[in-house]
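One rule links them: number in the numbering used here = place in the sequence shown (from 1) + 465.
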Amino acid sequence: MRAEALARRQGPRGTRSAAVSMPRGRAAVAAFLLLVALVFGGGGSGAGLANMAVQLAGLAVLAFHRDAVLGFFARAPRLPVVLVAATLALPLLQLVPLPPAIWQALPGRDLVTQSFDLIGVKGAWQPFSLSPARTAIAFFSLLPAFAILALSWNLAERDRRMLLLAVAVGGVIVTALGAQQLASGNHLFVFYDEVVGSADLQGTFSNRNSGALMLDIALVALVGAVPWRRVSPAWKLGTVAMAILLVTGVVLTGSRSGMMLLAVPGLLAVGMGWSAHGFGRDRRKAALILAGAVLALAAGGLLLSGNHRIQQRMARFHSVEDEQRPIIWKDTVEAAGRYWPVGSGVGSFDEVFQVDEALENLSYGRAGRVHNDFLEIALESGIVGIALVAGWAVAVAMLGLRTMQAARHQGRHGAIGLAALGVFALIALQSITDYPLRNQTLLCVAALMLALLIGTGKAEQERNRAQHDSGSHRD
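Take a look at the structure:
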């Protein structure tokens with residue numbers, strides 16, 4: 466009897482211990498997968514083997530954490546669950562073979578039909594996508610991001626803060642590696658052939674815009690990870706040093722959009738500091754802090770202005786006469802009209818764009834990408850893709866409102882959700898002139914930020930429910 470009583474007393478304790486350790490383990494696995502994506506996933510669609518390493522790691526994580534996958538679909542908020550399922554299903558459905566009567570009737574398939582007639586192929590079943598291989602790769606690229614989301618959406622506040630800090634450290638790693646690359650003229654420690662001989666800081670990325678966005682995201686993550694209400698001297702020194710390093714890294718990438726987006730972490734830092742220290746109630750203190758910040762920025766600008774590399778990067782703002790993006794956008798609108806309203810298939814842009822590229826816009830190179838992810842989605846997935854983008858915008862906005870509530874009620878704990886919201890603002894803004902989510906690393910980071918947003922909203926819901934229950938008991 467005594468043994469049974471002891472077992473009953475120990476059982477719940479053991480269950481609680483397992484419940485506590487399991488989220489910690491999931492956070493560690495998510496951080497590991499994020500590190501794999503950072504090291505191998507920065508090459509874009511041209512780095513197939515490196516991307517495959519990230520995708521295989523994501524598949525392995527999903528295979529060994531089926532409970533996390535099932536738990537996400539069962540208990541996560543319904544709108545993100547529906548959108549995740551639809552996003553994963555879209556490329557798979559585009560790979561389903563269709564009978565000739567169906568696929569030949571789709572908009573823009575007349576050229577394929579004529580090609581088959583020329584080689585004598587009749588009655589062939591074809592998938593919806595005009596580039597099935599690229600569409601399949603697009604599906605597999607979503608799996609590591611989904612694995613991070615499934616592992617991270619319901620973590621404790623401490624684990625979410627740890628993952629946010631891991632993103633900031635990832636930015637420092639990219640900057641430190643990029644500095645070593647620049648010291649060798651980008652001939653040593655480079656990951657991709659495109660980087661060799663470049664004058665820009667690239668780190669683990671093959672595209673300077675993606676590298677700069679990663680550093681902007683790291684700055685936002687750093688702002689969100691700082692314990693604003695109780696900042697120790699060590700935190701202050703470390704935060705300032707990391708911020709200076711990351712800002713310098715952004716400038717050295719030479720990315721104009723990356724430099725302009727530095728306004729987002731800057732505004733977020735001002736807002737966080739203002740809220741945490743009550744500057745609104747102490748105008749004299751606020752004026753002194755703002756004056757000190759302006760002086761620090763001015764001093765930093767004067768010091769950096771004498772640096773030759775910094776001057777070269779800033780000079781890019783004056784060289785816009787050779788900008789090709791508006792030309793590509795115009796031709797993409799024409800191409801999207803050919804396949805409207807269904808699209809040509811996820812990932813198929815590079816194989817279908819040339820048909821509608823105007824002769825006066827031809828050059829020795831290929832466009833490769835639209836340099837506007839919204840237009841590229843409209844071309845590849847038509848009205849369904851646009852609906853998904855709108856759905857994700859609504860979901861992030863709804864989660865963002867809960868995050869604002871959490872920031873008011875939870876103080877520094879709400880900063881995690883605000884940082885995630887800031888990252889989505891960065892991604893949306895750069896998507897106007899680039900294609901950040903076509904990069905495996907940034908796709909995984911975006912999935913983590915979605916998980917942090919959901920987690921912050923979940924904590925706020927639980928707080929409201931507890932307040933409601935306590936009020937009901939009092940009544």
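We treat Cβ as the ideally placed atom computed from N, Cα and C, and that holds for glycine.
A buried status is given to I682, since no fewer than 16 other beta-carbon atoms sit within 10 Å of its beta-carbon. For Q646, the enclosing alpha helix (DSSP H) begins and ends at E622 to A648. Counting along the chain, Y804 sits inside the alpha helix (DSSP H) bounded by residues R790 to Y804.
Counting only runs of 4+ residues, the alpha helix (DSSP H) found wholly inside the stretch 665–700 occupies 673–690, in chain order. Counting along the chain, E816 sits inside the alpha helix (DSSP H) bounded by residues F814 to D821. Ranked by Cα distance from R623, the first of A880, S720, E659 and G887 is A880.
In the three-state reduction of the DSSP assignment, P609 falls in the helix class, which pools H, G and I. Our two residues, N516 and G508, have alpha carbons roughly 8 Å apart in a direct line. Only residues of its own chain outside the window of five on either side were considered, and among them A885, V888 and F889 have a CB closer than 7 Å to the CB of M914, listed in chain order. DSSP places Q569 outside both helix and strand once states are collapsed to three, so it counts as coil.
Considering only G573, A493 and S720, the residue with the shortest C-alpha distance to S846 is G573. Per the DSSP secondary-structure output, L563 pairs in a beta bridge with Q591. Separation of S813 and T600 (C-alpha to C-alpha, rounded to the nearest whole angstrom) is 7 Å. Under the three-state reduction of DSSP, S617 is assigned to helix. The distance from the Cβ of A495 to that of I638 is about 17 Å, inconsistent with a contact at the 8 Å cut-off.
Taking the CA atoms as reference points, R803 sits about 29 Å from Q905. The DSSP-derived three-state label of V807 is coil.
Straight through space, the alpha carbons of R625 and F497 are spaced by roughly 14 Å. Three or more beta-carbon pairs separated by less than 8 Å link the stretch 672–688 to the stretch 894–904, which places the two stretches in contact. With a cutoff of 7 Å on beta-carbon distance, L647 and T718 are scored as not near each other. Residue burial is scored here from C-beta neighbours: I848 has fewer than 16 other C-beta atoms within 10 angstroms and is therefore classed as exposed. Fewer than three pairs of CB atoms, one per stretch, sit closer than 8 Å, so the stretch 561–581 makes no contact with the stretch 523–532.
When secondary structure is reduced to three states using DSSP, P901 falls in the helix class. For R540, the enclosing alpha helix (DSSP H) begins and ends at R531 to R540. Around the C-beta of L866, fewer than 16 other C-beta atoms lie within 10 Å, and the residue is accordingly described as exposed. If you draw a straight line from the Cα of G920 to the Cα of W618, it comes to about 5 Å. By the 16-neighbour rule on beta-carbons within 10 angstroms, V661 is exposed.
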